[in-house]
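In this note's numbering, the protein residues as written are 2 to 88.
The beta carbon of each residue, even a glycine, is placed where N, CA and C say it ideally should be.
Each remark here refers to the structure printed beneath this line.
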């Protein structure tokens with residue numbers, strides 16, 4: 002099993018309704034990282050900033066994006082450690 006139970010739980014917390022990612026993880030697919038990357042944004046849009054009703058809303062959005070990137074980086078580390086252990 003490539004992806005630990007703890008890692009899977011982190012994914013479920015951030016993406017509770019994303020069923021396809023669960024299937025990729027259950028099948029130990031290398032595509033999990035690509036799927037996570039595709040869900041990450043490259044930054045907040047001007048519209049997001051301008052339409053936010055409060056600083057707290059912007060902070061909440063920023064924290065969510067930071068958590069998504071952290072999951073992606075963790076996934077990459079998992080695959081790298083797997084690759085190194087195979088060599």
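Beta-carbon proximity list for residue 68, same chain, < 7 angstroms, skipping 5 on both sides: 15
Note down, in chain order, each residue of its chain lying with its Cβ closer than 6 angstroms to the Cβ of residue 26, except the 5 sequence neighbours on either side. 4, 9, 33
Range of the contiguous alpha helix (DSSP H) that encloses residue 45: Note, residue 45: premise wrong, no alpha helix (DSSP H); not H, not E.
Assuming residue 22 and residue 45 form a contact by the criterion Cβ under 8 angstroms, report the distance between their Cβ atoms to the nearest whole angstrom. Residue 22 to residue 45, Cβ: 23 angstroms. No contact.
Under the rule that 16 or more other beta-carbon atoms within 10 Å means buried, what is residue 37, buried or exposed? buried
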